[in-house]
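This report concerns only the one structure given below.
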Amino acid sequence: MLQNLFLNIDAGTIDWSRAQFALTAIYHWLFVPLTLGLAVIMGIVETYYYRTKDEFWKTAAQFWQKLFGVNFAMGVATGIILEFEFGTNWSNYSWFVGDIFGAPLAVEGIVAFFMESTFVAVMFFGWKKVSPGFHLASTWLTGLGATISAWWILVANAWMQYPVGCEFNPDTMRNEMVSFAEVALSPFAVSKFCHTVTSAWIIGAVFCVGVCCWYLMKKRDTKLAIESMKIGAWVGLIGALLAGMTGHKSAQDVAAVQPMKLAAMEALYNGGTDVGLTAVAWVNPFVQPDYANEESAPLKIEMPYALSFMATNDIHGFVPGINDILNGYTTPDGKVEPSIDEKIERGKKAIAALAAYRQAKFNSSDDGTTTAYQLSVLKENMPYFGYGYIKDKNDIVPFIPVNFWSFRIMVGLGCLFILFFAIVLAGLYKFPKVLWKKRSIENLPAWHYWVAIALIPLGYIASESGWLVAEFGRQPWTIQDMLPTWAAVSDLNAGSVALTFFLFLFLFTLMLAVEINILLKQIKKGPDSE
Amino acid sequence: MRKDSFLYRVYDLYADGFRSMRLGRTLWAIILIKLFIIFVVLKLFFFPNFLKTHAAGDEPAFVASEILERSLP
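Just so you know, the protein sequences line up as chains A and B, in that order.
Residues in the first sequence are numbered consecutively from 1, following this note's numbering.
Residues in the second sequence are numbered consecutively from 1001, following this note's numbering.
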């Protein structure tokens, strides 16, 4: 894509800055979903203890809290590096988004610090110090604190995908928040939060079931394994079903706000009504398809009407393809969407108006007429501001293969998890009885347990794939329709960004190895250790 | 300080908790090392505030010139 641009900034700086941000975000996201997922499981386990007063449940709760603690400690502060990167690598972006981005992150920081740190301490240190009820509340509030933190981060992310509740101030060169409620309760943020959190429950659940299966395979701590597995499998099944439902709502938001992302996810070159959802097609993972000349991706097998339904809740709904979006289209209800060339023209007008406004503003001879006029032109064309940086309309098409395959990996694994948790529950409750007459879940051949253990990394792959779709799909935008990556990035030396990329790669790999090592040691020690 | 006062109980929760840690000590050591690397090494040497070092106090003008310049053909 970038070779088509006549860039005023080193393409290497953009690519390395993007790669570094992606690396940090992916690494950070290894810890967050397990925190959110295990929080639910340890909360339920301790609730059993609170209700039964059976010491077994206390031991089980402490065991899952210990694993939660290891993951929590390893994840602490990894997200802060992203904020450093905003300030150094993405300084234009950071200034341009103003307090809209800063406010949710500040709220997140305060909530995370005070709520999580307070209740985490009670959860770990307070077993003999506070009442069982207060301890249980602290355990749940630890998880709630982490979930609320995720909310604010996702509000910030959702704003980049769907910038609402703001107004651009050409004097300060910042977007200023005009409605906190619009930003905090943006429908995009709500869908994103629900989908992300429920998918995190899946990771917690698949981790829990995997650990339990390891104990069953080793024929130790069987009661803990069976009882925890029941909780994990229920959380996983409910999480996976909810993730599917919330994913449907997310897809509708994407269809409404980021139709290009949806078209890329589906490799939908030419849209229309009654559009089918692609189950599988041959999209070369390494080459951008020739969408301008191909009718559709080769070897396509689709589910009739399903994409129209997914995007619009109507099996006959209209879904634009990549070429429709590039060339402009009219929906069946008469809504006209301008072509990208037209948007580029309007974006250029906005940028020219901004330049003229600022020049007139600081030119003492202007009596206010010029600034007022340029301001009105800027406001009129501001929704297309970012298009003014686009030199070729094809530059707004994200890399289709990454979106196409990541989406399929995420959905495919999501379906696999529904099946997996359903089978685990069937085994645990011996349903149907005829199938489980001569066997029980604690006496299965070892490969059954190995399958469950192997699903743990697949949970992460599904979750990270979801983020790849979300972030690759909105390229080239850092802020949708407002600011492309090459306007947002700081004018840094590409080599220095590359250096920190590899420094992070080394550090993150080392820390991940340490975490996995400690986690495995604690799992091997089992529930009777500290 | 009275032992049944709220402040003492809070102090006791943390003091006793930290004293009796085993795995927690390792985790805290990792957290402190990590925070040192993040805030001292990375922040000071690799992640300066770009605008502070380049904008000379007039961030709007600097960002405007950067953003407007990059739109030029």
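Beta carbons: idealized from backbone N, C-alpha and C, even for Gly.
Identify the contact partners of residue i in chain B, using a Cβ-Cβ distance below 9 angstroms as the criterion.
i	result
VAL514/A	ILE1030
LYS129/A	ARG1009, ASP1012, LEU1013, ASP1016, GLY1017
ILE344/A	Those do not exist, as ILE344/A stays about 11 angstroms from chain B at its closest Cβ, beyond 9 angstroms.
ILE518/A	LEU1023, THR1026, LEU1027, ILE1030
At the 8 angstroms Cβ level, is residue i part of the contact set with chain B, yes or no?
i	result
MET123/A	no
ILE523/A	no
ARG439/A	no
ILE351/A	yes
TYR389/A	yes
MET539/A	Any property of residue 539/A remains undetermined from this structure, which presents chain A solely from 1 to 530.
ARG358/A	yes
LEU507/A	yes
PHE168/A	no
THR142/A	no
TRP29/A	no
LYS379/A	no
PHE533/A	The structure shown does not extend to residue 533/A, since chain A is modelled only from 1 through 530, so no value can be given for it.
VAL76/A	yes
TRP486/A	yes
LYS58/A	no
LYS393/A	no
ALA267/A	no
THR246/A	no
LYS66/A	yes
Under 8 angstroms between beta-carbons, which chain A residues line up against residue i? List them in chain order, please.
i	result
TYR1014/B	ALA121, PHE125
LEU1007/B	Ordered by position in chain A, no residue passes the 8 angstroms Cβ test against LEU1007/B, which lies about 14 angstroms from the chain.
Mind checking whether residue i and residue j have CB atoms under 8 angstroms apart?
i	j	result
PHE1062/B	ALA1055/B	yes
ALA73/A	LEU1007/B	no
ASP100/A	ASN175/A	What sits at residue 100/A in the sequence shown is Ile, not Asp. Yes. Within cutoff.
LEU326/A	GLU266/A	no
THR509/A	ARG18/A	no
ALA488/A	TYR93/A	yes
LEU428/A	MET229/A	yes
VAL235/A	ALA205/A	yes
PRO476/A	ASP395/A	yes
THR278/A	LYS300/A	yes
PHE96/A	MET42/A	no
GLN522/A	LEU67/A	yes
ASP481/A	PRO383/A	yes
GLY145/A	PHE119/A	yes
LEU154/A	LYS192/A	yes
VAL397/A	ALA264/A	yes
LEU160/A	THR478/A	Note that residue 160/A is Met in the sequence shown here, rather than Leu. In this structure, THR478/A lies closer than 8 angstroms to MET160/A by Cβ.
GLY459/A	ILE231/A	no
Output, in chain order, the set of chain A residues within a Cβ distance shorter than 7 angstroms of residue i.
i	result
LYS1043/B	PHE84
PHE1050/B	GLY87, THR88, SER91, SER490
So residue i and residue j are in contact, right, with Cβ under 8 angstroms, and what is the actual spacing, rounded?
i	j	result
ALA121/A	LEU1032/B	Actually they are not in contact, since the Cβ atoms of ALA121/A and LEU1032/B sit about 16 angstroms apart, beyond 8 angstroms.
ALA240/A	PHE431/A	Contact doesn't hold; Cβ gap of about 18 angstroms is too wide.
VAL497/A	ASN89/A	6 angstroms
PRO289/A	TRP405/A	With a Cβ gap of about 12 angstroms, PRO289/A and TRP405/A do not count as contacting.
HIS135/A	GLY126/A	5 angstroms
VAL183/A	VAL164/A	6 angstroms
ASN313/A	LYS349/A	Their Cβ separation, rounded to whole angstroms, is 36 angstroms, which puts ASN313/A and LYS349/A out of contact at 8 angstroms.
LEU237/A	ALA422/A	6 angstroms
LEU419/A	ALA462/A	That belief does not hold up - the Cβ atoms of LEU419/A and ALA462/A are roughly 13 angstroms apart, past 8 angstroms.
Which residues in chain B sit within 8 angstroms of residue i, going by Cβ to Cβ distance?
i	result
VAL70/A	LEU1023, LEU1027
TRP151/A	Near TRP151/A there are no residues of chain B at all, since even the closest Cβ is about 24 angstroms away, more than 8 angstroms.
ALA73/A	LEU1027, TRP1028, ILE1030, ILE1031
Shorter than 8 angstroms from the beta carbon of residue i to some beta carbon of chain A?
i	result
ALA1056/B	no
PHE1036/B	no
SER1071/B	yes
PHE1046/B	yes
VAL1063/B	yes
ARG1002/B	no
Would you check whether the ligand HEM has a heavy atom nearer than 7 angstroms to the C-beta of residue i?
i	result
CYS208/A	Although the ligand HEM was asked about, the structure shown includes no ligands whatsoever.
How would you list, in chain order, the residues of chain B whose beta-carbon sits under 7 angstroms from the beta-carbon of residue i?
i	result
TRP95/A	LEU1051, GLU1059, VAL1063
ILE80/A	ILE1038
THR500/A	PHE1046
ALA355/A	LEU1068
Is the region 320 to 332 of chain A touching the region 269 to 287 of chain A, taking contact as three or more C-beta pairs under 8 angstroms? yes
Does the region 198 to 208 of chain A come within contact of the region 371 to 391 of chain A, defined as at least 3 CB pairs closer than 8 angstroms? no
Any contact between the region 219 to 226 of chain A and the region 234 to 253 of chain A? By contact I mean 3 or more CB pairs, one from each, below 8 angstroms. no
Is it true that the region 142 to 156 of chain A meets the region 21 to 37 of chain A, where meeting means three or more beta-carbon pairs spaced less than 8 angstroms apart? yes
Segment contact flag, the region 19 to 27 of chain A with the region 67 to 85 of chain A, C-beta cutoff 8 angstroms, min 3 pairs: yes
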